[in-house]
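Working notes, beginning with the structure itself.
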Amino acid sequence: MSQQLALALASTIRHDGNGGVADDLADVAGLTTWLREHAEPLREYAAEPEPYAGTPDEQLRLDVVALRRAVRTLFAHAVRPGAPSRAESAPLLPVPDAIDQLNEAAGRLPVRPVLGWPDESTPTVAWRCAPADARLRLTAGLARAAIEFLAGPARTQLLACPAPRCVRYFVKEHPRQAWCKPSCGNRARVSRHYQRHAANPPAASAEPPPQ
Numbered sequence: 280m281s282q283q284l285a286l287a288l289a290s291t292i293r294h295d296g297n298g299g300v301a302d303d304l305a306d307v308a309g310l311t312t313w314l315r316e317h318a319e320p321l322r323e324y325a326a327e328p329e330p331y332a333g334t335p336d337e338q339l340r341l342d343v344v345a346l347r348r349a350v351r352t353l354f355a356h357a358v359r360p361g362a363p364s365r366a367e368s369a370p371l372l373p374v375p376d377a378i379d380q381l382n383e384a385a386g387r388l389p390v391r392p393v394l395g396w397p398d399e400s401t402p403t404v405a406w407r408c409a410p411a412d413a414r415l416r417l418t419a420g421l422a423r424a425a426i427e428f429l430a431g432p433a434r435t436q437l438l439a440c441p442a443p444r445c446v447r448y449f450v451k452e453h454p455r456q457a458w459c460k461p462s463c464g465n466r467a468r469v470s471r472h473y474q475r476h477a478a479n480p481p482a483a484s485a486e487p488p489p490q
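Okay, so the sequence shown: first residue is 280 according to the working numbering, each after it adds one.
Structure representation (structure tokens):
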């Protein structure tokens, strides 16, 4: 789930469908919607049944946006020598600063494994943390998911989508995958077709000479 959560956070910067860039975390309402949509993976990494039971506020939004900036910085670093995403809501951080930011956020919340082994059942491991501020649980969970993804094998398949106007990162799932989703591939093919015809317009038919 680390891949799902890290990509979801990075993808809150996206193409708006009109040639520009949209930010799903531009306000508290957007953050609230995003937290609700990604509650399941957040439960795992925030080590709590409810990763954020309170009402999101502006400070939490700023904290999550700062983490996103660090994540997108490291995504841009990871895809080298390929091109990074075409658009950012803010300039990228120096890579060492982005690493420090993720490590600091993840380290604010000590987490311990708890073994469960019901009779005649398979052992399980759950992660629990000491009582802490809900904001710390959430940001630490997001940071841990990003760290796990960036340190794992899927990082080597991370790409920035090359389709016109797309600003998403994606993980290449099969050898022939070149776009984050089929609609981006269609848009890229249409763009190439238009560019070829614009560069090589058909010759005008010659009119017969007057008699």
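All C-beta atoms in this analysis are idealised placements derived from N, C-alpha and C, irrespective of residue type, glycine included. Fair warning: this is a prediction, and the values are worked out from it, not measured in the lab.
Terminal residues of the continuous beta strand (DSSP E) containing VAL446? Segment: none, VAL446 is in no beta strand (DSSP E) and carries neither H nor E.
Roughly how many whole angstroms lie between the Cα atoms of LEU438 and ALA325? Those two C-alpha atoms are separated by around 27 Å.
At which residues does the beta strand (DSSP E) containing LEU339 begin and terminate? Premise fails: LEU339 lies in the alpha helix (DSSP H), 337-357, not in any beta strand (DSSP E).
For the putative contact between GLY395 and PRO402, defined by C-beta atoms under 8 Å, what is the C-beta separation to the nearest angstrom? Right, their Cβ atoms sit about 7 Å apart.
Which residues does DSSP list as the beta-bridge partners of LEU372? Residue pairing by DSSP places LEU372 in no beta bridge whatsoever.
On the DSSP letters alone, give me the boundaries of the alpha helix (DSSP H) that GLY361 sits inside. Per DSSP, GLY361 belongs to no alpha helix (DSSP H) and is neither H nor E.
Do LEU284 and PRO320 have their CB atoms nearer than 8 Å? Yes, the pair counts as a contact, with Cβ atoms nearer than the cut-off.
Helix, strand or coil at ARG315 [DSSP, three-state]: In this structure, ARG315 counts as helix in the three-state DSSP scheme.
Jot down the residue ranges of each uninterrupted beta strand (DSSP E) in the region 371-427, minimum 3 residues, whole runs only, in chain order. 390-395 and 403-408, all fully within the region 371-427.
With the cut-off set at 8 Å, would you say THR418 and ALA384 are in Cβ contact? In contact: THR418 and ALA384 (Cβ atoms closer than 8 Å).
Just grab the DSSP bridge partners of HIS294 for me. Paired residue(s): VAL300.
Once DSSP output is grouped into helix, strand and coil, what is the label at ALA308? Note: ALA308 maps to helix in three-state DSSP.
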